[in-house]
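J.: Have a look at this one before I ask anything.
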Amino acid sequence: MAKRDYYDVLGVQRNASEADIKKAFRRLAMKYHPDRNPGDNEAEAKFKEAKLAYDVLTDAKKRSAYDQFGHAGVDGAGPGFGGFSGGAPGDFADIFGDVFGDIFGGRGGTRRSQRGVDLRYDLALTLEEAVAGKEVKIRLPTWVDCQFCNGSGAKPGTKPKTCPTCGGHGQVRMQQGFFSIQQTCPECRGSGTVIEEPCPHCRGRGRIQEEKTLSVKVPAGVDTGDRIRLAGEGERGEQGGPAGDLYVQIQVKEHPIFTREDANLYCQVPISFVIAALGGELEVPTLDGKVMLKIPPGTQTGKMFRVRNKGVKPVRGGVVGDLICRVLIETPVDLTERQKELLREFEVSVQEGGSRHNPQSHSWLDGVKSFFEKMGL
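Here UniProt numbering is used: the first residue of the sequence shown is 1, the next is one more, and so on.
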């Protein structure tokens, strides 16, 4: 059976923080853990599925590989199914030790570092830029350590103090009947320290927002919906954690002449009635110049002509696509009296030639006549 998307398993967005992932797993684990559902194989399977998703999405390297390649990026790279390798799920307290800390006498300690949030940047390109590829400069806001307090958040000349509530541990123990639960300290929010005199420049945050310029190499052949990953260029991590990634989302602007479908380019070419009837050559544009398109005599509107290798080379490899030209016969307008007279003379001569000049028209009229006869009209 196909594996479900790990984000769907936990019910979180793809940009969810580690804290959100832990919270989601805790909710599912409390519901499906085998110790709470003895003999329920379905509940155990759901718990194992949630534990596997949690193990992957809380590991920065595994999560990055999963975001890029899906299940193929992490299959075989870690422990067995949820780390259980087919065995028992383990003690209820051990499973949750790293989720909400020290249940039934489990682990404690200060708040762990957290990976920064992934960011997205929408990059609009012309069709020419997307097909040829280019290097572009982008500017985006980012958080950096405050240079006045060196990232401590405390007023210059002062230091953060040990939190009096948790004694610097970052967590406090709460007794709820039989349960002894260790939670994040509400005073210091898990940092283990408090700031009595905040830095006036960053207001105690320890970081300020600036703009940074990045160079993005756009490979040739990208299309709308493609994205480029810049590792470590996302939001700064907390407590020394790694930064998230930046995903540059490609959006190709509408082109006045061409439309793109996969590797092929399409364009409409208006031609005159005379060229359609007698044939001729037309100059048509391509993305790297122009070519001559030969129109055979008797060409009908809507006819497609293929110009080989004048399309797009796909970004993921493959043969270069084609340029496909669809001709449209343009009806002349604003005719002079002499031009109208010539057309009437031409129409008469065509009618005298019978069906050989207008085979489609005569075939259609024959069909209409047969239809009316069947209806008794």
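From the three backbone atoms N, C-alpha and C, an ideal C-beta is built for every residue, glycine too. Please read all numbers here as calculations on a predicted model, not as lab measurements.
1) Just the Cα atoms here: how many angstroms apart are residue 375 and residue 296?
2) By a C-beta neighbour count over all protein chains shown, 10 Å radius and 16 as the cutoff for buried, is residue 223 buried or exposed?
3) Residue 142: buried (16+ other C-beta within 10 angstroms of its C-beta) or exposed?
4) Could you check the C-alpha separation between residue 300 and residue 256 for me, to the nearest Å?
5) Comparing alpha-carbon positions, which option in 131, 266 and 158 lies nearest residue 195?
6) Mind checking which residues open and close the beta strand (DSSP E) that includes residue 294?
7) Using DSSP with H/G/I as helix, E/B as strand and the rest coil, what is residue 370?
8) Please go through the same chain and pick out, in chain order, the residues whose beta-carbon is closer than 6 angstroms to the beta-carbon of residue 7, but skip the five residues on each side of it.
9) Let me know the secondary structure DSSP gives residue 70 once reduced to three states.
10) Could you tell me whether the Cβ atoms of residue 309 and residue 288 are closer together than 8 angstroms?
11) Within 10 angstroms of the Cβ of residue 3, are there 16 or more other Cβ atoms? Answer buried if so, exposed if not.
12) Starting from the N-terminal side, write out each stretch of the beta strand (DSSP E) that is 3 residues or longer and does not extend beyond the region 148-215.
13) Within its chain, find whatever has a CB closer than 6 angstroms to the CB of residue 265; leave out the 5 residues flanking it on each side and keep chain order.
14) Use the C-beta contact count for residue 235: other C-beta atoms within 10 angstroms, 16 or more gives buried, fewer gives exposed.
15) For residue 235, which three-state DSSP category applies?
16) Based on Cα-Cα distance, which residue from 226, 225 and 343 lies nearest to residue 273?
17) Determine the closest residue to residue 119 out of 313, 27 and 237, with distance taken between C-alpha atoms.
18) Could you compute how far the alpha carbon of residue 147 sits from the alpha carbon of residue 155?
19) Between residue 89 and residue 48, what straight-line distance do the alpha-carbon atoms span, to the nearest angstrom?
20) Note down, in chain order, each residue of its chain lying with its Cβ closer than 7 angstroms to the Cβ of residue 215, except the 5 sequence neighbours on either side.
21) Tell me whether residue 258 sits in a helix, a strand or coil according to DSSP, three-state version.
22) Using a Cβ-Cβ cutoff of less than 7 angstroms, which residues in the same chain neighbour residue 17 once the five nearest sequence positions on both sides are dropped?
23) Classify residue 77: buried if its beta carbon has 16 or more other beta carbons within 10 angstroms, exposed otherwise.
24) Between which residues of its own chain and residue 387 is the CB-CB distance below 8 angstroms, once the five residues before and five after are set aside?
25) What number of angstroms, rounded off, separates the C-alpha of residue 305 from the C-alpha of residue 220?
26) Could you compute how far the alpha carbon of residue 64 sits from the alpha carbon of residue 25?
27) Let me confirm a value: residue 33 is counted as buried when at least 16 other C-beta atoms fall within 10 Å, else exposed. Which label applies?
28) Locate the beta strand (DSSP E) running through residue 303, then write down its first and last residues.
29) Roughly how many angstroms separate the alpha carbons of residue 290 and residue 341, rounded to a whole number?
30) Taking the alpha carbon of residue 54 as the reference point, which residue from 68, 38 and 74 has its own alpha carbon closest?
31) So for residue 308, helix, strand or coil by DSSP?
32) What's the call for residue 283, buried or exposed, on a 16-neighbour Cβ count within 10 Å?
33) Whole angstroms are fine: how far does the CA of residue 227 sit from the CA of residue 68?
34) According to DSSP, is residue 15 part of a helix, a strand, or is it coil?
35) Under 8 angstroms, Cβ to Cβ, is there at least one residue of chain B near residue 204?
36) Inspect the beta-carbon positions of residue 207 and residue 145 and report whether they are closer than 8 angstroms.
T.: The answer reads as follows:
1) 40 angstroms
2) buried
3) buried
4) 24 angstroms
5) 158
6) 289-295
7) helix
8) 14
9) helix
10) no
11) exposed
12) 171-176 and 179-184
13) 258, 311 and 323
14) buried
15) coil
16) 343
17) 237
18) 11 angstroms
19) With a pLDDT of only 46 at residue 89, under the threshold of 50, the placement of this residue in the model should not be trusted, and no figure is reported.
20) 135 and 137
21) coil
22) 114 and 117
23) Only weak support is given to the placement of residue 77: the predicted model assigns it a pLDDT of 45, under 50, and the value that follows is read from those uncertain coordinates. It counts as exposed.
24) No information on residue 387 is available, as it lies outside the stretch 1 to 377 that the chain covers here.
25) 25 angstroms
26) 19 angstroms
27) buried
28) Unbroken run through residue 303: none, as it is neither H nor E.
29) 37 angstroms
30) 74
31) coil
32) exposed
33) 10 angstroms
34) coil
35) Note that chain B does not occur in the displayed structure, where there is just one protein chain.
36) yes
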